[in-house]
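Notes for the one structure printed next.
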Amino acid sequence: CDFLVNDWLAKGSFSGFTKDNDITCGDGTPGVNSYGFRGNGWLTDRDGNKYKWTRNFQEQCNLDWDPPFRTIHDVEMVERK
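Every number in the numbering used here is 700 more than the matching position in the sequence shown, counting from 1.
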């Protein structure tokens, strides 16, 4: 799509943080690896409309589980303000 390559849909800024209790699920650390991301931001589209963006993601990994990954939260929202 040429539009997406040469033009923008919205622009803005966000802040976020990640958490992780070890580097990788398979590094030998005992127990459950819990990791995730939370973020907030504001976007403005080409017509000047403003949007609030939020993301909350958390997952766990344990090599003893089948499958080894569990999603605890995975919510992403964009709200027009």
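Yeah, the Cβ is synthetic: ideal placement off N, Cα and C, and Gly gets one too. Here the structure is a predicted model, which is why all the values come from computation and not from measurement.
Under the DSSP definition of a beta bridge, residue 711 partners with 744. CA-to-CA, the gap between residue 772 and residue 727 works out to about 21 Å. Cβ contact annotation for residue 775 (same chain, cutoff 6 Å, sequence separation greater than five): 756, in chain order.
The continuous beta strand (DSSP E) containing residue 771 extends over residues 769 to 780.
Beta-bridge partners assigned by DSSP to residue 761: 733 and 769.
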